[in-house]
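**Student:**
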Amino acid sequence: MKKYSLLFIVFSFFYSFGQYESIGTVTSFPNKKRDCTFDSTFFYTTDSIFLPIFDEFSSNHFQVYLPDFNNPTLSEEKYYKILTLQGDVIHNKVKYTTQPTFKRQINTQTFEVVEELFELDTVLVSDFCYYPANYIETFVYPPYIIIDTVNFENPLDTIWLDSPDIFQDSATKFFMQVNDPNAYWSDNYAKLNYTNAVLPLSLGVVTFDGLDENNFPYVFGSNSNSYNDYFTSKPIKMGSFTASDSIYLSFLYQYQGFNDEPEINDSLVLEFYAPLLDQWERIWSSSGFPQSDFKVFHHKIIESKYLKDGFQFRLKNYGSEAGMLDEFHLDYVHLRQFSGFQDTLFKDFAIVYPIKTLLKDYTQIPWDHYKNSNFNLMTDSMEVTVRNSSQIVENNQNGSVKIYHNGIEENSFLLNGQILSGGEINYSPRTSYTSYHNFLSNTSFQYDKGKSGKYQEFRVEMNASAQFPNFTQNDSTFFIQRFYDTYAYDDGTAEVAYGPEGVNNARLAYRFSPIEDDSIIGVKISFVPTVVDTRNELFYLTLWDDVNNQPGNVLYQDDFFSARSPSYEYDDSLGFTNYYFKDTMPIPINGTFYIGWKQEGIKRLNIGMDRNIDASNHILYSINNEFSWENTQFNGALLMRPIFSSELNYDLSLDKNSIQKPSFNVFPNPGTDVLNFSTSNNTPSFSIFNLNGQKLLMSTSHSINVSSLSSGLYIIQDDITLQKVKWIKK
Numbered sequence: 005m006k007k008y009s010l011l012f013i014v015f016s017f018f019y020s021f022g023q024y025e026s027i028g029t030v031t032s033f034p035n036k037k038r039d040c041t042f043d044s045t046f047f048y049t050t051d052s053i054f055l056p057i058f059d060e061f062s063s064n065h066f067q068v069y070l071p072d073f074n075n076p077t078l079s080e081e082k083y084y085k086i087l088t089l090q091g092d093v094i095h096n097k098v099k100y101t102t103q104p105t106f107k108r109q110i111n112t113q114t115f116e117v118v119e120e121l122f123e124l125d126t127v128l129v130s131d132f133c134y135y136p137a138n139y140i141e142t143f144v145y146p147p148y149i150i151i152d153t154v155n156f157e158n159p160l161d162t163i164w165l166d167s168p169d170i171f172q173d174s175a176t177k178f179f180m181q182v183n184d185p186n187a188y189w190s191d192n193y194a195k196l197n198y199t200n201a202v203l204p205l206s207l208g209v210v211t212f213d214g215l216d217e218n219n220f221p222y223v224f225g226s227n228s229n230s231y232n233d234y235f236t237s238k239p240i241k242m243g244s245f246t247a248s249d250s251i252y253l254s255f256l257y258q259y260q261g262f263n264d265e266p267e268i269n270d271s272l273v274l275e276f277y278a279p280l281l282d283q284w285e286r287i288w289s290s291s292g293f294p295q296s297d298f299k300v301f302h303h304k305i306i307e308s309k310y311l312k313d314g315f316q317f318r319l320k321n322y323g324s325e326a327g328m329l330d331e332f333h334l335d336y337v338h339l340r341q342f343s344g345f346q347d348t349l350f351k352d353f354a355i356v357y358p359i360k361t362l363l364k365d366y367t368q369i370p371w372d373h374y375k376n377s378n379f380n381l382m383t384d385s386m387e388v389t390v391r392n393s394s395q396i397v398e399n400n401q402n403g404s405v406k407i408y409h410n411g412i413e414e415n416s417f418l419l420n421g422q423i424l425s426g427g428e429i430n431y432s433p434r435t436s437y438t439s440y441h442n443f444l445s446n447t448s449f450q451y452d453k454g455k456s457g458k459y460q461e462f463r464v465e466m467n468a469s470a471q472f473p474n475f476t477q478n479d480s481t482f483f484i485q486r487f488y489d490t491y492a493y494d495d496g497t498a499e500v501a502y503g504p505e506g507v508n509n510a511r512l513a514y515r516f517s518p519i520e521d522d523s524i525i526g527v528k529i530s531f532v533p534t535v536v537d538t539r540n541e542l543f544y545l546t547l548w549d550d551v552n553n554q555p556g557n558v559l560y561q562d563d564f565f566s567a568r569s570p571s572y573e574y575d576d577s578l579g580f581t582n583y584y585f586k587d588t589m590p591i592p593i594n595g596t597f598y599i600g601w602k603q604e605g606i607k608r609l610n611i612g613m614d615r616n617i618d619a620s621n622h623i624l625y626s627i628n629n630e631f632s633w634e635n636t637q638f639n640g641a642l643l644m645r646p647i648f649s650s651e652l653n654y655d656l657s658l659d660k661n662s663i664q665k666p667s668f669n670v671f672p673n674p675g676t677d678v679l680n681f682s683t684s685n686n687t688p689s690f691s692i693f694n695l696n697g698q699k700l701l702m703s704t705s706h707s708i709n710v711s712s713l714s715s716g717l718y719i720i721q722d723d724i725t726l727q728k729v730k731w732i733k734k
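Encoded structure:
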């Protein structure tokens, strides 16, 4: 019990008494933020699969997990946040606080105040972060304060805390069986792709690196190595086999490819799961090495501990956890019976890379530019790469390219078999061939320019095969030729991250030569989250005209108050962010132009670079304030696409007046301890956000103390108009 008599307590009493019915006059205790929960998550168990297992990754055989509340196998477990020490559930309306609460007695005649703490209780509390729920003994108090006024006719006053930090809650974990015999792989950390490997034996590989299943680094900025991507088979029925059945696992692997070279301390590791021992055991590993041809792994499984139902195998990589680094690539995984030590050949014929475009120079062109042109814009050199993996000479045969619109075939082109095989009538054993095909030779083979509409899409299918029995699924490929509102050199995938670095105010410029004059309203850019988080870096979107085949006069550049930052929250499914000119201002273009940026700092901003298409002759940079320009030394195409002013933009509500100038200003910018607001509103109201969208501070006056904020970039919002500007804290 605590007893005291002080003047400021008397003042507090009268203030509390006068504001009694307002809970806001009493200090409340903040909620504890729950950073994680397993509530409403699913735990999946998969079916078992049978031999043989063969995957050359031309199609997707990864298990897809979709929650289904109508699934007949569905079950659930429910956990409660608060339990008694005996494990019993406490009723739903109970609330506690971990802060001491009390009964306060106030004598209005003597001004004496006496406080008596409530008796604490002990309960079991879980934060639901981990399954199964982990409970911790926690001391708690009632979530209210009682004020008893002596010598006053009012009864006891009970003041409830508005945000008690312990309250009853529940979390439900769901369990579901998935069955898909066409899916072989139980996780999706390693990435199925068609562009990362150099001359694979067929379409598609699986890549191991430091990006997680959401294509974010496991740990931004880390200098450490760890086990990152896992590639795990489903449980396999192996119980009926013995060592004499000659069970072999084979696969192909490549170091680096078009990506980053794995060092000697990086590795690709193979492990087997022994079901009865319930443990994973290392079988093989390979240390990092510079880029090379695919190598063969071939292993006989004879140990009885693996010849059990529920056997699994997995590969994992050890390397940087900071992003697109230390890559390994996997292909042609084959687990089968009746093999042998000499059986290391993968007899197949396959297309090696998907085709990206039938257009000359570009992968995308605005539809109105294409249909208005009087020229044949089809390519005269479409690249096709195929491989004969047979150990003997095989006869070639013709292939084809077909164009479909809304499911209807509209055009076709013959791929001459002798051109596909490098001018020979046969394919040599275990050899890859790259050929080029001229669509201008058939003037009728074009996309139909007569179609109406603001944009168009065409499905293009290619087929190429050989005259021997083989796995035919990888003998065909398709892509969608899109005509929207952009020009593009790239195929939409980034194998590396690119950018100038080491010098402040560096410039990056990307050359385009449109087929008709028009206006540009912005640019699509795909920034890659890798190694270092660049979302706090600044750049100024810039547009130049052409002078002597180099960037010349600046046609547009962001001012200091409209500087941009790389974003990993993309505006489309391909991973691009739209950066529109200030006020969505259309800038007229006459002939060749350059789009890019001037950057504020010295860090590389990590724009994606496609290494499968070479547009390096169009990539320039300057490190001396545009006194001179240099061409990049790296082969590739930037994931940067200028957006043209077209009818499609207006369909998307991007009209010319869609973005207004902010009706307020902040100063000084950059600033230090005090931020001032200038606004036309009668009642100022502003909020300060970080780049993650978290509100940090609010103000209803024309200035605010910001000394508590760390250095960096912030968003200032006018809460009346909801307009925003960027502000830099020094």
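Quick note, my numbering runs 4 ahead of the 1-based positions in the sequence shown. In this text, a Cβ means the ideal position worked out from N, Cα and C, and glycines have one as well. No experiment lies behind these values; they were computed from the predicted model shown.
Write down the C-beta distance between Tyr-234 and Asp-191 rounded to the nearest angstrom, noting that I regard them as a contact closer than 8 angstroms.
**Tutor:** Counting from 1 along the sequence shown, the entry for residue 234 is found at position 230. Counting from 1 along the sequence shown, the entry for residue 191 is found at position 187. Right, their Cβ atoms sit about 6 angstroms apart.
**Student:** Taking the alpha-carbon of Tyr-491 as reference, which of Ser-517, Glu-461, Asn-227 and Gly-506 has the nearest alpha-carbon?
**Tutor:** Reading the sequence shown from its first residue, position 487 is the one you call residue 491. Out of Ser-517, Glu-461, Asn-227 and Gly-506, Ser-517 has the C-alpha closest to the C-alpha of Tyr-491.
**Student:** Can the beta-carbon of Lys-351 be found closer than 8 angstroms to that of Gln-422?
**Tutor:** Within the sequence shown, numbered from 1, the residue matching residue 351 stands at position 347. Within the sequence shown, numbered from 1, the residue matching residue 422 stands at position 418. Cβ distance not < 8 angstroms, so Lys-351 and Gln-422 don't count as in contact.
**Student:** From Asn-610, Lys-375 and Leu-256, pick the residue whose C-alpha is nearest to that of Ser-290; which is it?
**Tutor:** Here residue 290 is taken as the residue at index 286 of the sequence shown, counted from 1. Ranking Asn-610, Lys-375 and Leu-256 by Cα distance to Ser-290 puts Leu-256 first.
**Student:** Which residue comes first and which comes last in the beta strand (DSSP E) that contains Gly-261?
**Tutor:** Working through the sequence shown from its first residue, we reach residue 261 at position 257. Here Gly-261 belongs to no beta strand (DSSP E), and DSSP marks it neither H nor E.
**Student:** Along the beta strand (DSSP E) that carries Gln-109, what are the first and last residues, could you check?
**Tutor:** Residue mapping note: residue 109 aligns to position 105 of the sequence shown, counting from 1. Start and end: 106–111.
**Student:** According to DSSP, is Thr-88 helix, strand or coil?
**Tutor:** Translated into the one-based positions of the sequence shown, residue 88 becomes position 84. Here Thr-88 sits in coil by DSSP.
**Student:** If Thr-236 and Gln-316 are in contact, beta carbons under 8 angstroms, what's the gap, nearest whole angstrom?
**Tutor:** The residue given as residue 236 occupies position 232 in the sequence shown. The residue given as residue 316 occupies position 312 in the sequence shown. Rounded, the Cβ-Cβ distance is 6 angstroms, consistent with contact.
**Student:** Is DSSP giving Thr-476 helix, strand or coil here?
**Tutor:** Here the question's residue 476 lines up with position 472 in the sequence shown. Residue state, collapsed to three classes: helix.
**Student:** Could you tell me whether the region 179–199 touches the region 289–303, using the rule of 3 or more Cβ pairs below 8 angstroms?
**Tutor:** Judged by Cβ distances under 8 angstroms, the region 179–199 makes no contact with the region 289–303, as fewer than three pairs qualify.
**Student:** Roughly how many whole angstroms lie between the Cα atoms of Ser-571 and Ser-530?
**Tutor:** The sequence position of residue 571 within the sequence shown is 567, counting from 1. The sequence position of residue 530 within the sequence shown is 526, counting from 1. Near 8 angstroms, if we compare the C-alpha coordinates of Ser-530 and Ser-571.
**Student:** Check for me: the beta strand (DSSP E) holding Leu-424 runs from which residue to which?
**Tutor:** In the sequence shown, the residue the question calls residue 424 occupies position 420. Where Leu-424 is concerned, there is no enclosing beta strand (DSSP E), although the alpha helix (DSSP H) it sits in stretches over 421–424.
**Student:** Enumerate in chain order the residues of its own chain whose CB-to-CB distance from Lys-304 is below 6 angstroms, with the five nearest sequence positions on each side excluded.
**Tutor:** Taking the sequence shown and counting its residues from 1, one reaches residue 304 at position 300. If we look at Lys-304 and ignore the five residues flanking it on each side, its Cβ neighbours are Tyr-252.
**Student:** Asp-372 lies in the alpha helix (DSSP H); which residues open and close that run?
**Tutor:** Within the sequence shown, numbered from 1, the residue matching residue 372 stands at position 368. Run containing Asp-372: 371–376, per the alpha helix (DSSP H) assignment.
**Student:** Relative to the C-alpha of Ser-707, which candidate in Asp-677, Pro-146, Tyr-48 and Lys-107 has its C-alpha closest?
**Tutor:** Residue numbering aside, residue 707 sits at position 703 when the sequence shown is read from its first letter. Comparing Cα positions, the closest option is Asp-677.
**Student:** Spatial neighbours of Leu-641 within its chain, please: CB distance less than 6 angstroms, with the 5 preceding and 5 following residues excluded, ordered by chain position.
**Tutor:** Sequence index remark: in the sequence shown, residue 641 carries index 637 (1-based). Here residue 641 turns out to be Ala, not Leu, going by the sequence shown. Only Tyr-493, Asp-494, Asp-614, Ile-617 and Ala-619 meet the Cβ criterion.
**Student:** On the premise that Ile-732 lies in contact with Leu-717, defined as a C-beta separation below 8 angstroms, what is that separation, rounded to the nearest angstrom?
**Tutor:** Here residue 717 is taken as the residue at index 713 of the sequence shown, counted from 1. Here residue 732 is taken as the residue at index 728 of the sequence shown, counted from 1. Between Ile-732 and Leu-717 the Cβ distance is about 6 angstroms, and since that is below 8 angstroms, they are a contact.
**Student:** How many angstroms separate the CA atom of Asn-628 from the CA atom of Ala-510?
**Tutor:** Position 624 of the sequence shown, counted from the first residue, corresponds to residue 628. Position 506 of the sequence shown, counted from the first residue, corresponds to residue 510. Between Asn-628 and Ala-510, the C-alpha separation is close to 7 angstroms.
**Student:** Short of 6 angstroms in beta carbon distance, which residues of its chain neighbour Thr-162, apart from the five on each side in sequence? Order them along the chain.
**Tutor:** Residue numbering aside, residue 162 sits at position 158 when the sequence shown is read from its first letter. Within the same chain, Thr-162 has close Cβ partners Tyr-148 and Ile-150.
**Student:** At the level of alpha carbons, what is the spacing between Gln-67 and Trp-633?
**Tutor:** One-based indexing of the sequence shown puts residue 67 at position 63. One-based indexing of the sequence shown puts residue 633 at position 629. Taking the straight line joining both Cα atoms gives about 49 angstroms.
**Student:** Does the pairing of the region 376–392 with the region 220–228 give three or more beta-carbon distances under 8 angstroms?
**Tutor:** Flag = no, the region 376–392 and the region 220–228 do not touch.
**Student:** Mind pulling the beta strand (DSSP E) runs of 3 or more residues that sit fully within the region 276–314?
**Tutor:** Listed in chain order, the complete beta strand (DSSP E) runs (minimum 3 residues) inside the region 276–314 are 283–291 and 299–305.
**Student:** Check for me: the beta strand (DSSP E) holding Leu-624 runs from which residue to which?
**Tutor:** Working through the sequence shown from its first residue, we reach residue 624 at position 620. Per DSSP, Leu-624 belongs to the beta strand (DSSP E) from 623–626.
**Student:** Pick helix, strand or coil for Thr-596, following the three-state DSSP scheme.
**Tutor:** Walking along the sequence shown from the start, residue 596 turns up at place 592. Looking at Thr-596 - three-state DSSP - the assignment turns out to be coil, as it is neither helix nor strand.
**Student:** Counting C-beta neighbours from all protein chains within 10 Å, is the total for Phe-638 16 or more, i.e. buried, or is it exposed?
**Tutor:** Within the sequence shown, the letter at position 634 stands for residue 638. Exposed, since its Cβ has fewer than 16 Cβ neighbours within 10 Å.
**Student:** Does DSSP put Lys-586 in a helix, in a strand, or in coil?
**Tutor:** Taking the sequence shown and counting its residues from 1, the one referred to as residue 586 is at position 582. The answer is helix: DSSP assigns Lys-586 an H, G or I state.
**Student:** Count the other CB atoms, across all protein chains shown, that sit within 10 Å of the CB of Pro-370; report buried if there are 16 or more and exposed otherwise.
**Tutor:** Locating residue 370 in the sequence shown gives position 366, counting from the first residue. Under this definition Pro-370 is a buried residue.
**Student:** Would you call the region 400–414 and the region 545–554 touching, i.e. three or more CB-CB distances under 8 angstroms?
**Tutor:** Verdict: no, contact absent.
**Student:** How far does the beta strand (DSSP E) with Thr-435 in it reach, from first residue to last?
**Tutor:** The count along the sequence shown starts at 1 and reaches residue 435 at position 431. Start and end: 435–441.
**Student:** Hey, out of Ser-436, Ala-326, Phe-417 and Gln-109, whose CA is closest to Leu-205's CA?
**Tutor:** Locating residue 205 in the sequence shown gives position 201, counting from the first residue. If we check each option's Cα against that of Leu-205, Ser-436 comes out closest.
**Student:** Hey, Ala-175 and Asp-43: beta-carbon distance below 8 angstroms or not?
**Tutor:** Working through the sequence shown from its first residue, we reach residue 175 at position 171. Working through the sequence shown from its first residue, we reach residue 43 at position 39. Contact flag set, yes.
**Student:** On the premise that Leu-609 lies in contact with Glu-541, defined as a C-beta separation below 8 angstroms, what is that separation, rounded to the nearest angstrom?
**Tutor:** Locating residue 541 in the sequence shown gives position 537, counting from the first residue. Locating residue 609 in the sequence shown gives position 605, counting from the first residue. Indeed, because the Cβ distance is near 6 angstroms, the residues count as touching under 8 angstroms.
**Student:** Taking C-alpha atoms, which residue in Thr-50, Lys-99, Ser-52 and Ser-62 lies nearest to Leu-482?
**Tutor:** For the purposes of this step, residue 482 is identified with residue 478 of the sequence shown, where counting begins at 1. Reading off the sequence shown, one finds Phe at residue 482, where the question assumed Leu. Out of Thr-50, Lys-99, Ser-52 and Ser-62, Ser-62 has the C-alpha closest to the C-alpha of Phe-482.
**Student:** How many angstroms separate the CA atom of Ser-248 from the CA atom of Tyr-336?
**Tutor:** Translated into positions along the sequence shown, residue 248 becomes position 244. Translated into positions along the sequence shown, residue 336 becomes position 332. Rounded to the nearest angstrom, the two C-alpha atoms are 24 angstroms apart.
**Student:** Going by other Cβ atoms of all chains shown within 10 Å of its Cβ, with 16 needed for buried, is Tyr-310 buried or exposed?
**Tutor:** Locating residue 310 in the sequence shown gives position 306, where the first residue counts as 1. With 16 or more other Cβ atoms within 10 Å, it is buried.
**Student:** What is the DSSP secondary structure of Leu-701, reduced to helix, strand or coil?
**Tutor:** Walking along the sequence shown from the start, residue 701 turns up at place 697. Three-state result, Leu-701: strand.
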